[in-house]
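Per our numbering: the sequence shown = residues 12 to 735. Backbone N, C-alpha and C define an ideal beta-carbon position, used for all residues, glycine too. As the structure is a computational prediction, the values presented were derived from the model and not from experiment. Below is one structure; the comments refer to it alone.
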Amino acid sequence: MDGSRDLAQQRKFRVGVDVGGTFTDVVLVDEQSGEILVSKVHTVPEDPSQGCIAGIDKALADYGIMPTDVAFVVHGTTIATNTIIEGKGAKSGLITSDGFRDVLEIAYQTRPNLYDVFYDKPRPLVARSRCLGVPERIGPDGAVLVPLDEEALRRAARRLVAAGVESIAVAFLHSYRDPMHERLAGRILQEECGRLPIVLSSDVCPEYREYPRTSTTVLNAVLLPRVTPYIERLEQRLRERKVAPELHLMTSAGGLMSADVAKRHPVHLVESGPAAGVIGAAFVAERSGFGNLLALDIGGTTAKAAVVHAGRPQITEQFEVGAAAIATVTSPKGLGYPVLTPVISLVEIGSGGGSIAQVDPGGALSVGPQSAGADPGPACYGRGGALATITDANLVLGRINPDYFLGGEVRLDRGLAEEAIRRAVAEPLGIGVVEAALSIVAIADARMTSALYFISVEQGIDPRDYVFVPSGGAGPLHALSIARALGVGRVLVPPTPGLNSALGMLASDLKHDMVRTYMKHQRAADAGEISAIYGEMEEAIGRMLAAEHVAPADRSFLREIEMCYVGQSFHLKLPVPSELDGDGVGRLIAAFHERHAEAYGFASRTEPVRLVNLRLSGIGKVRRPVMRKLPDGEGGRQAIKGYRPVHFDDPRQPVPVPLYDRRLLGTGDRFDGPAIVEQMDTTIVIPAGASVLVTEAGSLLVATGAENDANTGRNPERSDNDAQ
């Protein structure tokens, strides 16, 4: 055994695996040195766990790392989302309060589009024949109005078992106030149904609003028989390879949970991939001294945008998932199934590298949301795809090196890309292929700029006060154009943009969220009672963190409360101090008035306030990657490996630009655009008028040349040189 293998055996690595629509990304971080090792493989749509294991195997083989040297594995998976979107959830049953079996059928009365007479609600996840009511009733104050009819429940259970259900959801009216009846029902159902999974709404989301609570419980029930075997299969394959003692999974709220918890609550995995990208962007920005950022992750299928303020992404408490729904703040309600779990607030649009460009019957060019996906992929992949995509356009424009895609592992065919664009866009519009490619990129950039405009300007945020952090394999290709359109002065390109989601998983902490509906008028609210409820939730989350081997010193808790004026339907969330004295409620009321004035421009201080939900986040600190300092550079010219003609704005005249090998850049290196920076996982396009500085943390800080250079998003107490 050689010395390099001996050295490798002494090292311990943390591994993050992100399964995307086109590629599966693997990032390994050396726990001691902070060295980042990366790998990519094609996603296997029919079984994403195959791509996950193949990626880990490839990474270990490429870098000569023994499986036993992997100390930690975290995985972000799309299986929960895809199961719902593709309608492949388990055959489940629902037991609810007598008279309320139609809650899934009734759903919301709102329409996504007010005047759409052809709108149909999403088909319920549980057929009405498997939705059964049993006599019981607990009032909104917690009083038992009708005892649970145990014999009726047993009859319902036997009926569902005879129907061949794979799981049963239980959602009784007002169980958020007192779960007594649901707990009793759970025990009886286990007696009647054996090992059949039973999901209680009081365990999944003890929160008021009957339909979304029931929907979330049902979603967990239909996912559980599908996601649990996937996780178990992945755990088994890791054990066979002697990789890591325990598997962790990314959640939609930007935290981690152990595989054991994820197997019980798979509904928390629905938007895990996009969440990881935001966490990764925040982690990289913090290492270079930035706390306020706009994150844009452009993958193979979609582009996801989010705002991070003071290092913390914005969190929303409800979203929708379904074939027509996108879990974003922009999507209209009623397209999918509501999920009452915390999720990082995102805007998601169908503009990824594989997004298809086509001319509609009216002669208008559109790009996305349809995607060529992983199979067959863009035309230039040479895997049978014949449709023009954004990746094909960037290749035709000279922005992508056909011989260095994925570090040279994949060869792209420019001729196939030109033919696809000629047939799909150039000939229908009567223009040249290069002009068509420029048009495809321009439309894609405009759509992504619009998404960022929505989450910033339309929410009262000046994007010029933020640094722009692009990620995903296609992010740095488009970042400078989008930043200039927004007037953003600084773009921070991470060291491994194309694998940023996988890195974000390694930068996340274990996180569990709980909620209790309080629902009291300010006159009836009691600080001691509120503190007691928070104490109970902290004990419950503390037990979960202890089971995940988190030491007490590494645990922390964040208390928040949702409040509204009496009669309002929507709430505002405020932080709650760890100690509430006798006047604590009064201070919360005053803080609510101030927050309402900030959000809506007015506050009715004489109006009574209602305290609605008490929320608690329990965080178990996980060792994060220690980003090693990049060696000093030699000015930048040492990294030039050649020149290539690239089209920027003029379809007739390409511009010869230097090609930089990012691996050869060092701290302090500077160069101006136009230029192209190439690396294994992405290509960075630097237009004329922009200038690049390589930071100590390994990021590229690009001054865009926008008229109003942004700098106030930066933490004035930190610098790139002391961010380590």
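Under the three-pair Cβ rule at 8 Å, the stretch 99-111 counts as touching the stretch 119-138. Taking a contact to require three or more Cβ pairs closer than 8 Å, the stretch 272-286 and the stretch 345-359 qualify as touching. Bridge pairing for Asn624: Thr528 and Glu573 [DSSP]. Boundaries of the alpha helix (DSSP H) around Pro223: Glu221 to Glu251.
Listed in chain order, the non-local C-beta contacts of Ser710 below 7 Å within the same chain comprise Val295, Ser299, Leu503, Val504, Pro505 and Pro506, local neighbours out to five positions each way being set aside. In this structure, Met261 places its C-beta atom within 8 Å of the C-beta atom of Ala287. Between Val370 and Pro413, the C-beta spacing is not below 8 Å. It is roughly 47 Å from the alpha-carbon of Leu164 to the alpha-carbon of Asp386. For Met191, the enclosing alpha helix (DSSP H) begins and ends at Met191 to Cys204. The Cβ neighbour count for Arg681, taken over all protein chains shown within 10 Å, is under 16; the residue is labelled exposed. Gly486 sits away from Ile355, with the two beta carbons spaced by 8 Å or more. Per DSSP, the unbroken alpha helix (DSSP H) holding Glu116 starts and ends at Val114 to Ile117.
Here Thr400 is near Ala368, since their CB atoms are less than 8 Å apart.
The Cβ atoms of Met691 and Gly418 lie closer than 8 Å to each other.
With fewer than 16 other CB atoms across the displayed protein chains lying within 10 angstroms of its CB, Asn124 is exposed.
Here DSSP, grouped into helix, strand and coil, assigns Ala306 to strand. In this structure Ser580 is exposed. Its beta-carbon is surrounded by fewer than 16 other beta-carbon atoms within 10 angstroms. When the alpha-carbon of Leu449 is set against those of Ile472, Ala404 and Ala435, the nearest one is in Ala404. By the Cβ criterion, the stretch 156-173 is not in contact with the stretch 214-227, since fewer than three pairs of Cβ atoms, one from each stretch, lie closer than 8 Å. Note on geometry: alpha-carbon atoms of Ala535 and Ala557 lie some 35 Å from one another. In this structure Lys69 touches Val52 by the C-beta definition: roughly 6 Å separates them, less than 8 Å. Between the alpha carbons of Leu304 and Met525 lies a gap of roughly 28 Å. As the crow flies, the alpha-carbon of Val210 is around 40 Å from that of Arg458.
Cβ-Cβ distances below 6 Å link Lys132 to Ala118 in the same chain, with the five nearest sequence neighbours on each side left out; the list follows chain order.
Of the candidates Pro665, Leu622, Pro563 and Met548, Leu622 places its Cα closest to the Cα of Gly578.
When DSSP states are grouped into helix, strand and coil, Gly539 belongs to the helix group. Beta-bridge partners assigned by DSSP to Val596: none are found.
For Glu116, same chain residues with a beta-carbon under 7 Å away, outside a window of 5 residues either side, are Pro135 and Arg139 in chain order.
The stretch 112-197 contains, as complete beta strand (DSSP E) runs of 3+ residues, the segments 142-145, 155-157 and 178-182 (chain order).
For Ile47, the enclosing beta strand (DSSP E) covers residues Ile47 to His53. Burial state of Ser108 is buried, judged by a 10 Å Cβ sphere holding 16 or more other Cβ atoms.
Scanning the stretch 669-712 from its first residue to its last, the whole beta strand (DSSP E) runs of 3-plus residues come out as 681-683, 686-690, 693-697 and 702-705. Scanning Val499, Ala273 and Ala543 for the CA closest to the CA of Thr88 turns up Ala273.
By alpha-carbon distance to Leu627, the top candidate from Gln533, Glu328, Leu406 and Glu618 is Glu328. According to the DSSP assignment, Phe465 belongs to no beta strand (DSSP E) but to the alpha helix (DSSP H) extending over Val444 to Ile466. The three-state secondary structure of Gln369, taken from DSSP, is strand.
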